[in-house]
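From first to last, the protein sequence lines stand for chains A and B. Read in our numbering, the first sequence has 175 at position 35, and its numbers run on one by one without any break. Read in our numbering, the second sequence has 687 at position 254, and its numbers run on one by one without any break. The C-beta atom is built at its ideal place from N, Cα and C for all residues, glycine as well.
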Amino acid sequence: MTSKREITLHINEREFRVVVEPRRTLCDVIRDDCGQTGTHIGCEHGVCGACTVLVDGDPVRSCLMFAVQADGRHIRTIEGLADGEKLHPMQEEFARHHALQCGFCTPGFLMLAVGALEKNPDMNDEEIVDLLSSNLCRCTGYENIIKAVRAAAVVMKARA
Amino acid sequence: MKPAPFTYHTPASAEEAVELIARFGPEDGRILAGGQSLVPTMAFRMARPAHLIDINGISEFAALAVTGETLSIGACVRHAAFDSDAVPGATGALLRKVVQNIAHYPIRTRGTFCGSVVNADPASEWCCVMATLDGQVVARSQRGTRRIAAADFYQGIMTTDLQEDELVVACELPILPPNTRSGFVEFSRRKGDFAVAMALVTYRLSDGEMIEPRVGIGGAESHARRITEAEDTLRGRAPGPEVFAQAAEAAAAACDPIEDINNTADYRRGLVRTLVQRSLENAA
């Protein structure tokens, strides 16, 4: 119904019960209703990748999914990457390689890269470049993003 | 950039979904599968469906199964499913080659094969596969189930034979003989972008000669189709640069390219020539 629905989102293992209109996108609900504003909204039509989150482990564009479709699903956002004060290897390598300038696209790139490497820890350089073509960075720091993801892939694999 | 309000339906079974599309199809009801084409058009408000029937909760639609000589792809099988060894043999190898060209990874985790086929964008890779391999669309309604050959299904740019009370429950592709060779090449300006043109070829070798050749093009015309003129130049001949060039020339001559602001018909015709040649080299 156009009327609101009560749904439960598990975001970074925290439960959020919210009441939303079916037309609300997942990214809007994550930000506005659940207060997790680390997920950024860029183009709102699935082109830029800034809003990428993991839904049951898969990287998805959260602007192309309705929040009601994520009812009961496990969502990981940028807020869940670090372990307390300890940054995720992907975050550490982004900092080390100066892979962000304005930082707007960064949460999307981090979730994309972490999600893909958790599925396939053995991505080669060509596959990494192909993967990163999914998202846009208007500061165009792509070379440093590629370097950071390559470095993080090694660390993630060693720690797995 | 926010979709307009709609009434949201979540059928639990195929029967229920068919009932809902019969009732709401004529009232601007739409099926929501992967949503990777529909939701952007809703965000732009180019589409304002009154009803969305979300079929993602119907477990039988997740099935990807081989029965005899047929691969059946359920309505909710995602693009990403083909980037694996889930489909065996020559058909699986072909689908793995093609899937790499579809949008980007986070789109492939949501978008569906059947959704792409029904959306019938001229630049859809799966439409090109369906046309080239003579796939079948399985459409179900309260009136019954019918199988529509790809060549009859596509009628124009984003226009198909699907009726407003019908739901595509699966698409079917033939399992190609084990020694089938395939090649797929597309051209787009940016990685993951809509292809300006694409070509898919398959053939087998018998005593060094090409048999059962298939040449399909997509993106170039209003919908993907087989180019029999190009297939005729290949049949019964040994693969090689000369015959590949002749097939490419035949495809370029036979096609009737669409035009847009960036690409003239002549430019697309040139691409068809180049891509058919490259896909043949790719298959050899």
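Go through its chain and collect everything with a Cβ distance to Arg-290 of chain A's Cβ below 8 Å, but skip five positions before and after it.
The residue given as residue 290 of chain A occupies position 150 in the first sequence. The answer, listed in chain order, is Asp-265, Ile-268.
Determine whether the Cβ of Asp-487 of chain B lies closer than 8 Å to any Cβ atom of chain A.
Residue mapping note: residue 487 of chain B aligns to position 54 of the second sequence, counting from 1. At least one chain A Cβ lies under 8 Å of Asp-487 of chain B.
To which residues does DSSP link Phe-206 of chain A through a beta bridge?
Here residue 206 of chain A corresponds to residue number 66 of the first sequence, with the count starting at 1. Looking at the DSSP assignment, Phe-206 of chain A forms a beta bridge with A:Thr-165.
For His-238 of chain A, count neighbouring C-beta atoms within 10 Å of its own C-beta (all shown protein chains included) and say buried if the count is 16 or more, exposed if not.
The sequence position of residue 238 of chain A within the first sequence is 98, counting from 1. With fewer than 16 Cβ atoms within 10 Å of its Cβ, His-238 of chain A is classed as exposed.
Pick helix, strand or coil for Gly-468 of chain B, following the three-state DSSP scheme.
The residue labelled residue 468 of chain B in the question sits at position 35 within the second sequence. Gly-468 of chain B falls in the coil class under three-state DSSP.
Segment limits, beta strand (DSSP E) that includes Thr-503 of chain B
Taking the second sequence and counting its residues from 1, one reaches residue 503 of chain B at position 70. In the DSSP assignment, Thr-503 of chain B falls within the unbroken beta strand (DSSP E) covering 503-507.
Excluding five sequence neighbours on each side, which residues of the same chain lie with their C-beta closer than 8 Å to the C-beta of Ala-686 of chain B?
By one-based count along the second sequence, residue 686 of chain B stands at place 253. Sequence-distant Cβ neighbours of Ala-686 of chain B in its own chain, meaning closer than 8 Å and more than five residues away, are Glu-662.
Please list the partners that Pro-436 of chain B has in chain A, where partner means a Cβ-to-Cβ separation under 7 Å.
Taking the second sequence and counting its residues from 1, the one referred to as residue 436 of chain B is at position 3. What Pro-436 of chain B touches in chain A: Arg-163.
In chain order, what residues of the same chain lie with their CB nearer than 7 Å to the CB of His-214 of chain A, ignoring the 5 residues before and after it?
The residue given as residue 214 of chain A occupies position 74 in the first sequence. Excluding positions up to five away in sequence, the list reads His-150, Asp-196.
According to a CB-to-CB cut-off of less than 7 Å, which residues of the segment 465-479 of chain B neighbour chain A?
Listed by position along the chain: Gly-468, Gln-469, Val-472, Pro-473, Ala-476, Phe-477.
What's the gap between the Cα of Ala-455 of chain B and the Cα of Ala-496 of chain B?
Position 22 of the second sequence, counted from the first residue, corresponds to residue 455 of chain B. Position 63 of the second sequence, counted from the first residue, corresponds to residue 496 of chain B. Ala-496 of chain B has its alpha-carbon roughly 24 Å from the corresponding atom of Ala-455 of chain B.
Can you name the residues that DSSP bridges to Pro-646 of chain B?
On the second sequence, position 213 is the one that residue 646 of chain B refers to. In the DSSP assignment, Pro-646 of chain B is bridged to no other residue.
Unbroken stretches of the alpha helix (DSSP H), 4 residues or longer, contained in the segment 234-272 of chain A:
Qualifying alpha helix (DSSP H) stretches, in chain order: 246-259, 265-272.
So Phe-457 of chain B is in the alpha helix (DSSP H); what residue range does that whole segment cover?
Looking up residue 457 of chain B in the second sequence gives position 24. Here the alpha helix (DSSP H) through Phe-457 of chain B covers 447-457.
Quick check: Leu-272 of chain A and Tyr-282 of chain A, are their CB atoms within less than 8 Å of each other?
The sequence position of residue 272 of chain A within the first sequence is 132, counting from 1. The sequence position of residue 282 of chain A within the first sequence is 142, counting from 1. With contacts defined by Cβ atoms closer than 8 Å, Leu-272 of chain A and Tyr-282 of chain A form a contacting pair.
Opening and closing residue of the alpha helix (DSSP H) in which Pro-674 of chain B lies
Here residue 674 of chain B refers to the residue found at position 241 of the second sequence. That run of the alpha helix (DSSP H) goes 674-687.
Can you have a look at Pro-611 of chain B and say buried or exposed, based on whether 16 or more other CB atoms are within 10 angstroms of its CB?
Position 178 of the second sequence, counted from the first residue, corresponds to residue 611 of chain B. Residue burial annotation: Pro-611 of chain B is exposed, with fewer than 16 other C-beta atoms found within 10 angstroms of its C-beta.
Could you check what DSSP says for Leu-606 of chain B in three-state terms: helix, strand or coil?
On the second sequence, position 173 is the one that residue 606 of chain B refers to. Strand, per DSSP.
Under 8 Å (Cβ pairs) to chain A, residues found in the segment 535-569 of chain B
Identification of residues in the segment 535-569 of chain B having a C-beta nearer than 8 Å to some C-beta of chain A yields His-537, Tyr-538, Pro-539, Ile-540, Thr-542, Arg-543, given in sequence order.
So, under 8 Å CB-CB, Thr-592 of chain B and Leu-609 of chain B are touching, yes? Tell me the CB distance rounded to an integer number of Å.
Locating residue 592 of chain B in the second sequence gives position 159, counting from the first residue. Locating residue 609 of chain B in the second sequence gives position 176, counting from the first residue. Their Cβ separation, rounded to whole angstroms, is 29 Å, which puts Thr-592 of chain B and Leu-609 of chain B out of contact at 8 Å.
Positions along the segment 245-266 of chain A whose CB lies within less than 7 Å of some CB in chain B
Result list: Leu-252, Ala-256.
Length of the line joining the Cα atoms of Val-193 of chain A and Asp-172 of chain A
Taking the first sequence and counting its residues from 1, the one referred to as residue 193 of chain A is at position 53. Taking the first sequence and counting its residues from 1, the one referred to as residue 172 of chain A is at position 32. About 15 Å.
Within 8 Å (strictly less), CB to CB, does Thr-177 of chain A reach chain B?
To locate residue 177 of chain A, count along the first sequence from 1; it is residue 37. Interface residue (Cβ-Cβ distance to chain B less than 8 Å): Thr-177 of chain A is not classified as such.
Is any beta-carbon of chain A found at less than 8 Å from that of Phe-439 of chain B?
As a position in the second sequence, residue 439 of chain B is number 6, starting the count at 1. At least one CB atom of chain A sits nearer than 8 Å to the CB of Phe-439 of chain B.
Within the 8 Å Cβ cut-off, does Pro-229 of chain A reach chain B?
Looking up residue 229 of chain A in the first sequence gives position 89. At a cut-off of 8 Å between C-beta atoms, Pro-229 of chain A does not count as an interface residue with respect to chain B.
Which stretch, first to last residue, makes up the alpha helix (DSSP H) that contains Arg-622 of chain B?
Taking the first residue of the second sequence as position 1, residue 622 of chain B is located at position 189. Looking at the DSSP string, Arg-622 of chain B is not in any alpha helix (DSSP H), and its letter there is neither H nor E.
On the CB-based measure, 16 or more other CB atoms within 10 Å of its CB, does Phe-477 of chain B come out buried or exposed?
Locating residue 477 of chain B in the second sequence gives position 44, counting from the first residue. By the 10 Å Cβ count, Phe-477 of chain B comes out exposed.
Does the segment 500-508 of chain B come into contact with the segment 478-487 of chain B, if we say contact requires no fewer than three beta-carbon pairs (one atom in each stretch) closer than 8 Å?
Contact between the segment 500-508 of chain B and the segment 478-487 of chain B is absent, because fewer than three Cβ pairs lie under 8 Å.
Compare the C-beta of Gly-462 of chain B with all C-beta atoms of chain A and state if any pair is closer than 8 Å.
Within the second sequence, the letter at position 29 stands for residue 462 of chain B. No - not a single Cβ of chain A is within 8 Å of the one on Gly-462 of chain B.
In the DSSP assignment, find the unbroken beta strand (DSSP E) run with Val-629 of chain B in it and report its ends.
If you number the second sequence from 1, residue 629 of chain B lands on position 196. No beta strand (DSSP E) holds Val-629 of chain B; DSSP gives it neither H nor E.
Do three or more CB pairs link the segment 688-704 of chain B to the segment 666-680 of chain B at distances below 8 Å?
Between the segment 688-704 of chain B and the segment 666-680 of chain B, the count of C-beta pairs closer than 8 Å stays below three; the two stretches do not touch.
Closest Cα partner of Gln-533 of chain B within the set B:Gly-522, B:Ser-492, B:Ala-514, B:Gly-548:
Counting from 1 along the second sequence, the entry for residue 533 of chain B is found at position 100. Among B:Gly-522, B:Ser-492, B:Ala-514, B:Gly-548, the Cα nearest to that of Gln-533 of chain B belongs to B:Ala-514.
Are the beta-carbon atoms of Ile-488 of chain B and Ala-519 of chain B separated by less than 8 Å?
In the second sequence, counting from the first residue as 1, residue 488 of chain B sits at position 55. In the second sequence, counting from the first residue as 1, residue 519 of chain B sits at position 86. Taking 8 Å as the Cβ cut-off, Ile-488 of chain B and Ala-519 of chain B do not qualify as a contacting pair.
Would you kindly check if the distance between the Cβ of Gly-182 of chain A and the Cβ of Cys-188 of chain A is under 8 Å?
In the first sequence, the residue the question calls residue 188 of chain A occupies position 48. In the first sequence, the residue the question calls residue 182 of chain A occupies position 42. At a Cβ-Cβ threshold of 8 Å, Cys-188 of chain A and Gly-182 of chain A count as neighbours.
Look at the alpha carbon of Met-230 of chain A and the alpha carbon of Arg-216 of chain A, and state the distance between them as a whole number of angstroms.
Mapped onto the first sequence, residue 230 of chain A falls at position 90. Mapped onto the first sequence, residue 216 of chain A falls at position 76. Whole-angstrom Cα-Cα distance: 15 Å.
Which residue marks the beginning of the alpha helix (DSSP H) containing Ala-526 of chain B, and which one marks its end?
Looking up residue 526 of chain B in the second sequence gives position 93. Per DSSP, Ala-526 of chain B belongs to the alpha helix (DSSP H) from 522-532.
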